[in-house]
Amino acid sequence: MRPFLPDPADLRWLVRSLDLRSFSAAAREMDVAVSVVSRGVDRLESGFGITLLRRSTHGLSATPEGAELVQEARELLGRLEEMATSFDKQRHRVAGAVRLASSQEICEQLIVPQLAALRERHPALRIELVADDRVVDLVTDGIDVALRTTVGSSDAVVARELGSFERRLYASPDYLRRYGVPAEPADLHRHQTVTHTAQGPAVTWAFRHAGRKLEITVRSQLAANSSALLHRALVAGAGIGVLSRPLAAADAADGKLVEVLAPFAPRATYTMYAVSLPSRRNASRVRAVTSFLQEAARKSWGLAPA
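Take any residue in the sequence shown, note its place counting from 1, add 1, and you have its number in my numbering.
Laid out in structure tokens, this is it:
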């Protein structure tokens, strides 16, 4: 015959009823009906086959067996509460590994400089960086958080906006000294251009002048399969190319890059997102990293509110 296993809730009704010497007082404290409390104690007495409480006009008092059970119940409920608190802390503790994916350029220019601050805030966190210009598959590649500038409507992901940015044309001061500064978009046909291989050999760049949209198609003399290589090529004086303003900001501030054709900038904005799988968005480590990225985008990356 299996031994009787009491419900912890019934034990709690027993302890509080005896402490307050009243079923009704215990019920008010727990915001339940009096019958809920009294039936809980009845189940204990029936299950153990003993009388636990004496009922009288002066209130409730414990029988010897009841006093012994109440003492054991207090210790058991205390251990259960400690266990629940421990697991709750563990659930909310920011710890474990987070695989964070982005293009190599974003990883080097924006994420890596922030890692020390992220580690200081969450020392039990382990960050695994995945730098790749291709759009990674969150499931296949085991990615917890990925930075993207596009989110398809069919993607089964949770996307958090980090901010918006513009893309502009840049060249090095050395290149502009050698080849001159283009005065208008049509001048680009006489210049060396650097593009991303994903765009193909012919690339159309958009401009705006006097409220009208202009488009110029250029054929690149140098192409790179990563935005980071494209960036380095521009700094090295290889030609004129497009960079995201947040990624070019440091080199522009240091005089290593100069914006080209600024009066004709299209002013189009793009949004950067932190995306994760719905099944992982509530994990404390994923929430912590996403919140940190949102803060970094606002304070350090120069992204405008999306």
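All C-beta atoms in this analysis are idealised placements derived from N, C-alpha and C, irrespective of residue type, glycine included.
Three-state secondary structure assigned by DSSP to residue i
i, result
"V290", "helix"
"G60", "strand"
"K257", "coil"
"S285", "helix"
"G97", "strand"
"G242", "strand"
"L223", "strand"
"S277", "strand"
"L308", "Residue 308 lies beyond the residue range present for the chain, which begins at 2 and ends at 307; the question has no answer from this structure."
"A305", "strand"
"L248", "helix"
"L12", "helix"
"L53", "coil"
"L45", "helix"
"R80", "helix"
"R22", "coil"
"R17", "helix"
"L230", "helix"
"R268", "coil"
"L215", "strand"
Separation of residue j from residue i, as counted between CA atoms
i, j, result
"A266", "P186", "10 Å"
"I51", "E66", "7 Å"
"V71", "L81", "15 Å"
"P4", "S62", "26 Å"
"V152", "V276", "8 Å"
"H232", "A249", "8 Å"
"T270", "F166", "5 Å"
"A251", "Y274", "22 Å"
"R44", "E73", "17 Å"
"S245", "T272", "11 Å"
"L299", "S292", "Note on identity: in this sequence residue 299 is Arg, with Leu being the wrong assignment. Rounded to whole angstroms, R299 to S292 spans 11 Å at the Cα level."
"A203", "N226", "15 Å"
"L78", "S47", "20 Å"
"E76", "G60", "24 Å"
"T58", "D32", "23 Å"
"G164", "E129", "23 Å"
"A224", "A305", "29 Å"
"R116", "D175", "Reading off the sequence shown, one finds Leu at residue 116, where the question assumed Arg. Looking at the two C-alpha atoms, the distance is approximately 33 Å."
Cut-off 6 Å between Cβ atoms - residues of its own chain near residue i, not counting five sequence neighbours on either side
i, result
"L111", "W302"
"S104", "D134, S228"
"Q193", "Q222, G240"
"T205", "E216, T218"
"L119", "F293"
Cβ-based neighbour list, residue i, same chain, cut-off 7 Å, excluding 5 preceding and 5 following
i, result
"W14", "A27, V38, G41, V42"
"A10", "G41"
"P7", "L45, G48"
Cut-off 8 Å between Cβ atoms - residues of its own chain near residue i, not counting five sequence neighbours on either side
i, result
"A125", "R94, V95, A96, G97"
"V35", "F24, S25, A28"
"R281", "D145, V287"
"R209", "L215, F265, A266, P267, R268"
"E30", "R17, L21"
"E109", "A132, A229"
Self-check item: Secondary structure, alpha helix (DSSP H): runs of 4+ residues fully inside the segment 132 to 211
Solution: 174 to 180
Quiz item: Where in the segment 101 to 132 do unbroken runs of the alpha helix (DSSP H), each at least 4 residues long, occur, reported from the N-terminal end onward?
Solution: 116 to 122
Quiz item: Any chance the segment 240 to 250 sits against the segment 131 to 143, with 3 or more Cβ pairs inside 8 Å?
Solution: no
Quiz item: Do the segment 182 to 200 and the segment 246 to 266 make contact, defined as three or more Cβ pairs closer than 8 Å?
Solution: yes
Quiz item: Is it true that the segment 185 to 204 meets the segment 287 to 302, where meeting means three or more beta-carbon pairs spaced less than 8 Å apart?
Solution: no
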